[in-house]
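Chains as they are written, first to last, in the numbering used here: chain A, 61 to 494; chain B, 597 to 736.
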């Protein structure tokens, strides 16, 4: 007797944007599985054409209200690469600092409000807040500390307005930055406490042999710069991206699927960064990781919540280090003239590598733009996770299986707004005996 | 006693800007304009005794209809205040209730929208409602 069934989630909650999941099973065999993105296409790459190169950071920031800094940094990197300019010293440090703010804010949102309810059996953070008010308060305050960095350096927390190609419009004084220190010191302790809390959650036994792809930098845990590497030998400069990666269109997703040529799916984001660069974490973050028992490499995607907590600790510690070493630069930016050139840029958005490529014409107008956000890159990996997870868990009820599969999707903190933009899950099984 | 007005809305979706416009026009009360209502509002109203939130609604009532809601008595009707994208004001208020961080007094004005297509001008009836609500808040 074989039982075929179907599980469909038409609208996946607690992700950024609009998407769905569909699963069709016969006994424990997956007949069909799709992670669907039906958010309408947003055409950013098309309407960048004809705009001045200097507008790219402000236009692309609008792709996402959660990770605008990532868009600003990757687009700036690309324009500067085109012009052959390297932004270094304290300007680079300030970029890293505002990026730390975005990591803190984005990770705190996901850990506390989007993902923790899955592990603790709540439908929403509001339901969870009844029983875990202290943790939810901590999550709110952590998010706020991240926002404070964004406000101070960026002018406002969402879609900052102070970032420009070559640096900033205005750079803060040391004294201004020092006002962040007490809150960041609190946040570092809170992040370490968070890592302990989430490490105690019940994790499904599930490991995958991923190809992890992340930026790597010889001196630091890569955020705003580095080479693109993987645990299977990839080691390339950002401008070699097109030789190694490709995007394909599938009919069930409005976001292009990215894959490694000849190899297929790969995994970007906190787990990839951590597994490739955990030796570069700051001391307290490294200790927090050790105390949670993560080990140097993490291959259970459900434990990504622990990695995010460790990365919050890292971002707080790094922000404190950057503020301590800060000396106000004489000029807030360096001139960048990318006319008639092609530029490539990448940085580590909270959800993974964000790749930009621009062609600039002789007048400084964008002739072509190509943007690959992390969630587009993780779509195949998400589907592969679900396909690998289902066979060992087909005995679960539809309700339980759906819960765990949604949780597995949220392991990636998918940002469908970025990838184009959401999520609906359908699990379909035929009635027994049919 | 500290009174605070928080106007919510999208300035590029015509009548959806009603809450923002009220916040911009009130003269006698500290006011804030926000494009999204996220949990950050809970921090924003910290320390205020009397909080007035103004948001656009979409419930099917005639455009320009003004309604008062009292979250201390009952939760907001989530459907009328839904957000297309972020956490809505109804959810923010429920989170604050769980955390026991609702202000001592809070009222939510809902201004019913007509046209929420892309644009920066409001329908005349909604414009009128905005002026009425701003005056009501200033006169109170």
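By construction, the Cβ of each residue, glycine as well, lies at the ideal position given by its N, Cα and C atoms.
Check: Identified DSSP bridge partners for residue 496 of chain A; Outcome: The structure shown does not extend to residue 496 of chain A, since chain A is modelled only from 61 through 494, so no value can be given for it.
Check: Contacting residues, own chain, Cβ-Cβ under 7 Å from residue 112 of chain A (five flanking each side not counted); Outcome: 424 and 425
Check: Beta-carbon gap between residue 369 of chain A and residue 254 of chain A smaller than 8 Å; Outcome: yes
Check: Cross-chain neighbours of residue 189 of chain A in chain B, by beta carbon under 7 Å; Outcome: 691, 694 and 695
Check: Three-state secondary structure assigned by DSSP to residue 266 of chain A; Outcome: coil
Check: Distance between beta carbons of residue 691 of chain B and residue 250 of chain A, contact taken as under 8 Å; Outcome: 18 Å between Cβ atoms; not a contact.
Check: 6 Å Cβ shell around residue 404 of chain A - same chain, five flanking residues per side excluded; Outcome: 138, 141, 298, 299 and 417
Check: Closer than 8 Å to chain A by CB, residue 608 of chain B; Outcome: no
Check: Cα-Cα separation between residue 162 of chain A and residue 398 of chain A, rounded to whole angstroms; Outcome: 27 Å
Check: Residue 302 of chain A burial status per 10 Å Cβ neighbour count (16 or more: buried); Outcome: exposed
Check: Identified DSSP bridge partners for residue 425 of chain A; Outcome: A/112
Check: Segment contact, 8 Å Cβ cut-off, at least three pairs: the stretch 459–474 of chain A with the stretch 161–178 of chain A; Outcome: yes
Check: The stretch 146–158 of chain A in contact with the stretch 435–447 of chain A per 3-pair CB rule at 8 Å; Outcome: no
Check: Span separating the alpha-carbon of residue 266 of chain A from that of residue 362 of chain A; Outcome: 8 Å
Check: Residue-level contact to chain A via CB, residue 639 of chain B, 8 Å cutoff; Outcome: yes
Check: Minimum Cβ-Cβ distance from residue 402 of chain A to chain B less than 8 Å; Outcome: no
Check: Contacts around residue 441 of chain A, its chain only, beta-carbon distance under 6 Å, and the 5 residues preceding and following it disregarded; Outcome: 325 and 327
Check: Expected contact under 8 Å - CB spacing of residue 599 of chain B and residue 646 of chain B to nearest Å; Outcome: 5 Å
Check: Outcome for residue 120 of chain A when other beta-carbon atoms lying within 10 angstroms are tallied against a minimum of 16; Outcome: buried
Check: Chain-order list of residues whose beta-carbon lies under 7 Å from that of residue 729 of chain B (same chain, five-residue window excluded); Outcome: 618, 650, 662, 705 and 707
Check: Cβ neighbour criterion (16 or more within 10 Å) applied to residue 222 of chain A; Outcome: buried
Check: Residue 205 of chain A and residue 247 of chain A closer than 8 Å at C-beta; Outcome: yes
Check: Closer than 7 Å at the beta carbon, the chain B residues around residue 196 of chain A; Outcome: 695
Check: Short Cβ contact (8 Å threshold) for residue 372 of chain A with residue 164 of chain A; Outcome: yes
Check: Cβ of residue 774 of chain B within 8 Å of any chain A Cβ; Outcome: The shown model of chain B, from 597 to 736, leaves out residue 774 of chain B, and the question about it has no answer.
Check: 8 Å CB neighbourhood of residue 407 of chain A in its chain, flanking five on each side removed; Outcome: 130, 133, 134, 137, 159, 275, 283, 284, 285, 413 and 414
Check: Residue 483 of chain A (DSSP reduced to helix, strand or coil); Outcome: Confidence is the limiting factor: at residue 483 of chain A the pLDDT is only 34, short of 50, which leaves the residue's position unreliable, though a coordinate-based value still follows. In the structure shown, residue 483 of chain A sits in coil (DSSP, three-state: anything other than H, G, I, E or B).
Check: Within-8 Å CB hit, residue 200 of chain A to chain B; Outcome: yes
Check: According to DSSP, residues forming a beta bridge with residue 374 of chain A; Outcome: Note: residue 374 of chain A sits in no beta bridge, so no partner.
Check: Residues that residue 186 of chain A contacts on chain B, provided the C-beta gap is smaller than 9 Å; Outcome: 687, 690, 691, 693 and 694
Check: Buried versus exposed call for residue 494 of chain A [16 or more other C-beta atoms within 10 Å across all chains shown]; Outcome: Note that residue 494 of chain A scores a pLDDT of 35, beneath 50, so its modelled location is shaky and nothing firm can be said.
Check: Closer than 7 Å at the beta carbon, the chain A residues around residue 670 of chain B; Outcome: The contacting residues do not exist; residue 670 of chain B stays about 15 Å from chain A at best.
Check: Chain B contact residues for residue 128 of chain A, given Cβ-Cβ distances below 9 Å; Outcome: Within chain B, no residue comes near residue 128 of chain A; the closest Cβ sits about 13 Å away, beyond 9 Å.
Check: Sub-8 Å separation of residue 386 of chain A and residue 237 of chain A beta-carbons; Outcome: yes
Check: Contacts of residue 636 of chain B in chain A (Cβ-Cβ under 9 Å); Outcome: 200, 203, 204, 207 and 217
Check: Touch test, the stretch 82–89 of chain A against the stretch 449–457 of chain A, Cβ-Cβ under 8 Å, three pairs minimum; Outcome: yes
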